[in-house]
Amino acid sequence: MGFNLPLVTLAVLSGALAIAVIVLSVSLSGANKELSSLTGTTPITETTPIVESTTMAGSTTPQLTEPWELDYRLPNDTLPLHYEIYLHPDLVSGTFTGKVAIHLNVTKPRDFVLIHIKYLTISSTSVHKGIEANGEQISLGETFEYVPNEFWVVKLRSAMQPGLYTINMDFTGSLIKDIVGFYKSNYYNSDTNQTRTIATSKFEPTYARRAFPCLDEPSYKSTFGVTLVRPKGDGYVSYSNMPEVSFEDDVPSAGLTTVKFEKSVEMVTYLACFIVCDFQERLGHTKRGVPIRTISRSNQFNSTEYPLEIGIKATDYYEEYFDIDYVLPKQDLIAIPDFVSGAMEHWGLVTFRETAMLYDPLESSTSNKKRVATVVAHELAHQWFGNLMTIIWLNEGFASYMEFKATDACETTWDMMTFILSDDVGPVLDLDSKLSSHPIVVPVNHPDEITEIFDAISYNKGAAVLMMLESFMGPANFQLGIQNFLKEYKFKNAATPDLWRALQAVTPNLDIAGIMDTWTRQMGYPVLSYTISGNKLTVKQSRFLSDPNSNATVTPSPYGYKWDVPFFYITDKNPSPQLKWLYMNNDSVTIELPNDFTWVKLNADQRGFFRVNYLPEHWNALAAALGKNVSAMKPSDRWGLIDDSFSLSAAGSLPYSTSLELVQYVKNDRHPVPWSAASGKLSYISSLIYITNLYPGFREFIITLVEPSYSELGWNDQASFLDQNLQTTILSLACLSDYTPCLETAADRLTKWINNPDEYIPPNFRNLVYRYGIAQIGDAAVWNAMWDRYTKETDPNEAIKLLYGLAFAKEPWLIHQYLDLAKTDKVRSQDYFTVLEYISANPVGLPIVWDFVRNEWQYLVDRFTTNNRYLGRMVGTVTSKFTQQIRLDEMKEFFAKYPDAGAGARAREQSLETVQNNIQWLKVNKPDLENWLKENGFM
Numbered sequence: 001m002g003f004n005l006p007l008v009t010l011a012v013l014s015g016a017l018a019i020a021v022i023v024l025s026v027s028l029s030g031a032n033k034e035l036s037s038l039t040g041t042t043p044i045t046e047t048t049p050i051v052e053s054t055t056m057a058g059s060t061t062p063q064l065t066e067p068w069e070l071d072y073r074l075p076n077d078t079l080p081l082h083y084e085i086y087l088h089p090d091l092v093s094g095t096f097t098g099k100v101a102i103h104l105n106v107t108k109p110r111d112f113v114l115i116h117i118k119y120l121t122i123s124s125t126s127v128h129k130g131i132e133a134n135g136e137q138i139s140l141g142e143t144f145e146y147v148p149n150e151f152w153v154v155k156l157r158s159a160m161q162p163g164l165y166t167i168n169m170d171f172t173g174s175l176i177k178d179i180v181g182f183y184k185s186n187y188y189n190s191d192t193n194q195t196r197t198i199a200t201s202k203f204e205p206t207y208a209r210r211a212f213p214c215l216d217e218p219s220y221k222s223t224f225g226v227t228l229v230r231p232k233g234d235g236y237v238s239y240s241n242m243p244e245v246s247f248e249d250d251v252p253s254a255g256l257t258t259v260k261f262e263k264s265v266e267m268v269t270y271l272a273c274f275i276v277c278d279f280q281e282r283l284g285h286t287k288r289g290v291p292i293r294t295i296s297r298s299n300q301f302n303s304t305e306y307p308l309e310i311g312i313k314a315t316d317y318y319e320e321y322f323d324i325d326y327v328l329p330k331q332d333l334i335a336i337p338d339f340v341s342g343a344m345e346h347w348g349l350v351t352f353r354e355t356a357m358l359y360d361p362l363e364s365s366t367s368n369k370k371r372v373a374t375v376v377a378h379e380l381a382h383q384w385f386g387n388l389m390t391i392i393w394l395n396e397g398f399a400s401y402m403e404f405k406a407t408d409a410c411e412t413t414w415d416m417m418t419f420i421l422s423d424d425v426g427p428v429l430d431l432d433s434k435l436s437s438h439p440i441v442v443p444v445n446h447p448d449e450i451t452e453i454f455d456a457i458s459y460n461k462g463a464a465v466l467m468m469l470e471s472f473m474g475p476a477n478f479q480l481g482i483q484n485f486l487k488e489y490k491f492k493n494a495a496t497p498d499l500w501r502a503l504q505a506v507t508p509n510l511d512i513a514g515i516m517d518t519w520t521r522q523m524g525y526p527v528l529s530y531t532i533s534g535n536k537l538t539v540k541q542s543r544f545l546s547d548p549n550s551n552a553t554v555t556p557s558p559y560g561y562k563w564d565v566p567f568f569y570i571t572d573k574n575p576s577p578q579l580k581w582l583y584m585n586n587d588s589v590t591i592e593l594p595n596d597f598t599w600v601k602l603n604a605d606q607r608g609f610f611r612v613n614y615l616p617e618h619w620n621a622l623a624a625a626l627g628k629n630v631s632a633m634k635p636s637d638r639w640g641l642i643d644d645s646f647s648l649s650a651a652g653s654l655p656y657s658t659s660l661e662l663v664q665y666v667k668n669d670r671h672p673v674p675w676s677a678a679s680g681k682l683s684y685i686s687s688l689i690y691i692t693n694l695y696p697g698f699r700e701f702i703i704t705l706v707e708p709s710y711s712e713l714g715w716n717d718q719a720s721f722l723d724q725n726l727q728t729t730i731l732s733l734a735c736l737s738d739y740t741p742c743l744e745t746a747a748d749r750l751t752k753w754i755n756n757p758d759e760y761i762p763p764n765f766r767n768l769v770y771r772y773g774i775a776q777i778g779d780a781a782v783w784n785a786m787w788d789r790y791t792k793e794t795d796p797n798e799a800i801k802l803l804y805g806l807a808f809a810k811e812p813w814l815i816h817q818y819l820d821l822a823k824t825d826k827v828r829s830q831d832y833f834t835v836l837e838y839i840s841a842n843p844v845g846l847p848i849v850w851d852f853v854r855n856e857w858q859y860l861v862d863r864f865t866t867n868n869r870y871l872g873r874m875v876g877t878v879t880s881k882f883t884q885q886i887r888l889d890e891m892k893e894f895f896a897k898y899p900d901a902g903a904g905a906r907a908r909e910q911s912l913e914t915v916q917n918n919i920q921w922l923k924v925n926k927p928d929l930e931n932w933l934k935e936n937g938f939m
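Heads up: the sequence shown runs through residues 1 to 939, numbered per the UniProt record's numbering.
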């Protein structure tokens, strides 16, 4: 599943990926092994007790007496072995018909069977002995749908005995209910001047039941035989996980073609995929000869070359890294016009939102290219780590880490192993410092919670702790342990994942499981501090909280919020990193430094998931060293010092004067990753003080930092990837800080583009030109001209850039107009929340969109449902810059009025904590910041 869409980038974060953070037991044989480990609940059995409830009057009323009423979980003695699926989507009517034969292994006598369905109409059901055709038919009692738990209940006249059975079902469904399940997507093909329709699917986490009756829980593995009916001719083709094995044209009058696909390998239901479309293919092959295809609508065919290149290189890399060949006979990558997530790792047929796969050098920015590379690499990592075997909760974290390693191998000049800090680690350090965070390993008790926890903890923190694990194990041992695990994996019902044992085997001197449990089974992370005596540092740990005054005991931890902390350190006298351990059971650990050291950097290369607070004199020494020579430390270390110092200052653990003195060295830094930390932290402060008297002076301070790099880089296209990323960071911060030359250039370029549609704006500058240009000159005529360009735009990356720029109009009535237009089919559903979040980044738009969300909440719920995690998280994004008690009170009132948060429950907690922290930040830090600005001549 996808992440939240960022406000100021066009990247659509990757993927509808396998169940990552759930304590989930999965068998390669297809058997359901202790499914209750997913939720902590007991699967339905024949002995499930009847529940009675007592009314307020004191009477006892039987309720929910049937087993299918008592639990939304499937029985653990009915195991699916194979699905034979027939689907006929009608692209004109927006409906589909289907048939399914489910082969079951029943391990205990039972007199009913439960099958998942949702939004399907079942027209016939039959049960037969055996899994061969024409088996003896079992006499049925009644069949009916139990909607609350999404079950089709098949009651038998007499109990079936243990053995093999087949359930046959005929059904119909809708392709236009939503953009999950089996659904219809429309697009305009500028090559043919036609609106075209396709049918496609997205099943993770629990949406396969919307396409065909199935046992739709992620611990069941089965094989799949798929047959799809598509229109004959008119360019239509069909795809599934496996290659076509045969096709047959129906009678000429029907105009249909029936396509049968090879039997699949064993996989969970959410990895199945069915597509009928009229797309165009680009074919390549790996070194070993595996065919890789990138597939898109024909008018985006030119944008499929780069993802094919990355797909081939990444597959070759993974085969070598894992020492296991890709197991399927083909790998397809397909860009879908309407796709709710960033991408989804269906085995053999990976689906992408178009902006996450397509790259046109003339229309796509450097950030678009980086996003395509990392999303493709992420999804292909799942073909081993997630699809080949479903690894409990590490699935997403591992793919998130491997996307950087694979992209680094494919694009050797990008320095991707430093970008992991700004892209993944920094954001999750902020999130995980809140009381409303959660551990990586977390039980779930409802399907909404599965959707909810596809978040930065699952992806980013998972990647961060794996990076730390590799750092202290060593890359060679880490890789060997992963290889051994994938080759030898077998299901074992144990609390400690087999992966830990595999890594333990190659690193016998460390208790890998014990160490990693302290990072995965409790939320949060430590901050290291120390005392010094001579040249000896005594290092201690404590939990880092963004609000140190919050009640840290609200959520207890089995480890008391102590961690086994591996930390590397360097000094100016010894640049070779030295490893030291601070174990949770020890109060401290002592390290000995060279007698004549000037500065020490703990968490060298920033591989550990923790923060460090130095003594005041050491902060000063680090700042002085960087001010004298930027290259005294690696870009990763420079990023870490900026990120740590400002985070510590925001939490009241370090004077802001220390952070502001340190960050001034960036005038001479020319690496984009440290600059991203500086830009992010300074922009955050700007947003909090925007309506105070501090803002003008703070803006002037920022301008002194960006002017040297702005003068050097300007608006001229840079040649290297790193310089391009640096340039966009510098220009963005300059324009955000109202730097006159930046704003004037943006306005001038937008004016020329409005007056002359052929005026070319380099893709890296379009966000800036559209956002700040329209803010400078954005009257109704300019806004409407840009909207018109958007409605005619066929390139998905450019369309998102235009949506971004439109959000920054200064006229309130234009924002209201935008909100009205966004409700129409002019804005795809997948982009709707992106538009709301973009508007919230505009100071003029923020109060308007907040009122809109509260007034239109029922519309939003009716359209998207509370199961949509993007709806839940949107509220947190919109409110994240609030700094006033009245806004916090409005949020509490709104949440009380609409208590059903669904998949947004945790996001609500996080948003309240964020705003409370913002209010506290102003009270605590405003005086310190004001004094520093005055002392340094900015006020």
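In this text, a Cβ means the ideal position worked out from N, Cα and C, and glycines have one as well. Please read these numbers as outputs of a predicted model, since none were measured by experiment.
Measuring only the C-alpha atoms, how far is residue i from residue j?
i       : j       : result
His-346 : Lys-752 : 45 Å
Asn-574 : Met-633 : 12 Å
Ser-709 : Asp-788 : 35 Å
Asn-493 : Thr-206 : In this prediction, Asn-493 has a pLDDT of 37, which is less than 50 and means its spatial position is unreliable; nothing more can be read from the coordinates.
Val-180 : Ser-576 : 51 Å
Phe-857 : Lys-801 : For clarity, residue 857 is Trp in the given sequence; the question names Phe instead. Roughly 26 Å between the two C-alpha positions.
Asn-484 : Asp-77  : 32 Å
Thr-60  : Pro-67  : Confidence is the limiting factor: at Thr-60 the pLDDT is only 49, short of 50, which leaves the residue's position unreliable and the question unanswerable from this model.
Arg-638 : Tyr-321 : 30 Å
Ile-167 : Asn-387 : 26 Å
Leu-333 : Met-344 : 10 Å
Leu-38  : Gln-479 : At Leu-38, the pLDDT of 26 sits below 50, so the modelled position is not reliable; the number obtained from the coordinates is stated separately. Their Cα atoms are separated by approximately 28 Å.
Asp-862 : Ser-436 : 27 Å
Ala-314 : Ala-651 : 41 Å
Ala-734 : Ile-702 : 8 Å
Met-242 : Tyr-525 : 43 Å
Thr-200 : Ile-275 : 4 Å
With DSSP collapsed to three states, give me the class of residue i.
i       : result
Gln-817 : helix
Ala-343 : strand
Phe-203 : coil
Lys-487 : helix
Gln-858 : helix
Asp-332 : strand
Glu-46  : Annotation note: pLDDT 31 at Glu-46 (below 50); position unreliable, no value reported.
Met-242 : coil
Mind checking which residues open and close the beta strand (DSSP E) that includes residue i?
i           : result
Tyr-165     : 163 to 174
residue 962 : For the chain, the structure presents residues 1 to 939; residue 962 sits outside this window and is missing.
Phe-144     : 140 to 146
Could you tell me which residues DSSP pairs with residue i in its beta bridges?
i       : result
Ile-886 : BP columns for Ile-886 are empty, so no partner.
Met-160 : Arg-110
Thr-590 : Thr-538
Gln-379 : The question names Gln, yet the displayed sequence has Glu at residue 379. Its beta-bridge partners do not exist; DSSP assigns none.
Using CA coordinates, which residue listed in the options is at the minimum distance from residue i?
i       : options                               : result
Ala-809 : Tyr-790, Tyr-832 and Gly-778          : Gly-778
Asp-71  : Thr-507, Val-147, Gly-98 and Ser-649  : Val-147
Asn-134 : Ala-356, Ile-570 and Ser-126          : Ser-126
Gln-541 : Phe-609, Trp-850 and Ala-905          : Phe-609
Lys-892 : Leu-579, Thr-520, Ala-399 and Glu-909 : Glu-909
Phe-352 : Asn-925, Leu-860, Met-939 and Pro-796 : Pro-796
Which two residues bound the contiguous alpha helix (DSSP H) that contains residue i?
i       : result
Ile-685 : 672 to 688
Lys-313 : 305 to 322
Would you say the beta carbon of residue i is closer than 7 Å to some non-hydrogen atom of the ligand SAM?
i       : result
Tyr-665 : Annotation note on the ligand SAM: not contained in the displayed structure, which lists no ligands.
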